[in-house]
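Have a look at the structure below, then the notes.
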Amino acid sequence: MSFNKSFYTPIPELSTRYSVSIADITAAEFVYQNAFYIETHLSKNLPLVINFAEHTRTCVGYNNTSLLFCDNWTPNIEVRDDTVYESYWKAGLSVVDKWAVYSWMREVLYVVDDDYEEEDGVKEGRSVDDAIEID
1 MSFNKSFYTP
11 IPELSTRYSV
21 SIADITAAEF
31 VYQNAFYIET
41 HLSKNLPLVI
51 NFAEHTRTCV
61 GYNNTSLLFC
71 DNWTPNIEVR
81 DDTVYESYWK
91 AGLSVVDKWA
101 VYSWMREVLY
111 VVDDDYEEED
121 GVKEGRSVDD
131 AIEID
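In the numbering used here, the protein residues as written are 1 to 135.
Next comes the structure, spelled out in structure tokens:
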């Protein structure tokens with residue numbers, strides 16, 4: 001596997017953020033790097049386009065267990081799939097186990113305006129629970 005490590009966060013910082021040992025981080029560093037990258041951008045209200053499980057969708061929020069995606073499903077679709085990882089799709093939204101995405105994502109993209117400033121207008125993370133309720 002080949003990773004762009006130019007955006008990587010120091011391992012001790014990841015260990016603190018996710019409350020896991022440095023050995024656990026080292027065993028699957030790319031998973032925790034992906035987690036930090038995605039959650040940091042979403043916390044700044046920067047949606048991300050993520051290719052995961054051979055499907056590209058726009059990630060707009062997260063909570064402790066899931067990522068919320070705006071998706072391109074038809075209005076009448078509703079699927080719950082727990083065979084490999086927990087996911088739920090309804091109309092134009094998907095809720096997916098975030099650690100599955102962090103483990104199997106391929107590409108990620110975000111776009112900002114020319115006048116975007118890293119420190120301005122930062123809001124803390126948005127909650128999937130506030131956006132969609134799952135039984």
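By construction, the Cβ of each residue, glycine as well, lies at the ideal position given by its N, Cα and C atoms.
Residue i: which of the options sits nearest, CA to CA?
i, options, result
"Asp-24", "Thr-74, Asp-81, Ile-11", "Ile-11"
"Ser-6", "Val-20, Ala-28, Asn-34, Ser-15", "Asn-34"
"Tyr-18", "Leu-109, Trp-99, Glu-54, Cys-70", "Trp-99"
"Arg-80", "Cys-70, Asp-97, Asn-72, Asn-64", "Asp-97"
"Pro-47", "Glu-39, Cys-59, Tyr-37, Glu-86", "Cys-59"
"Tyr-88", "Ser-103, Trp-104, Cys-70, Tyr-102", "Cys-70"
"Val-111", "Tyr-8, Leu-14, Ala-27, Asn-45", "Asn-45"
Given that a residue counts as buried once 16 or more other Cβ atoms are within 10 Å of its Cβ, and exposed if not, what is residue i?
i, result
"Val-31", "buried"
"Ser-21", "exposed"
"Ile-50", "buried"
Note the first and the last residue of the continuous alpha helix (DSSP H) segment covering residue i.
i, result
"Val-31", "29 to 43"
Between the C-alpha atoms of residue i and residue j, what's the straight-line distance to the nearest angstrom?
i, j, result
"Pro-75", "Leu-93", "10 Å"
"Phe-36", "Asn-72", "26 Å"
"Ser-103", "Asp-113", "29 Å"
Along the beta strand (DSSP E) that carries residue i, what are the first and last residues, could you check?
i, result
"Val-101", "Not the beta strand (DSSP E): Val-101 falls in the alpha helix (DSSP H), residues 98 to 104."
Excluding sequence positions up to five away, which residues of its chain have a Cβ less than 6 Å from the Cβ of residue i?
i, result
"Lys-90", "Glu-78"
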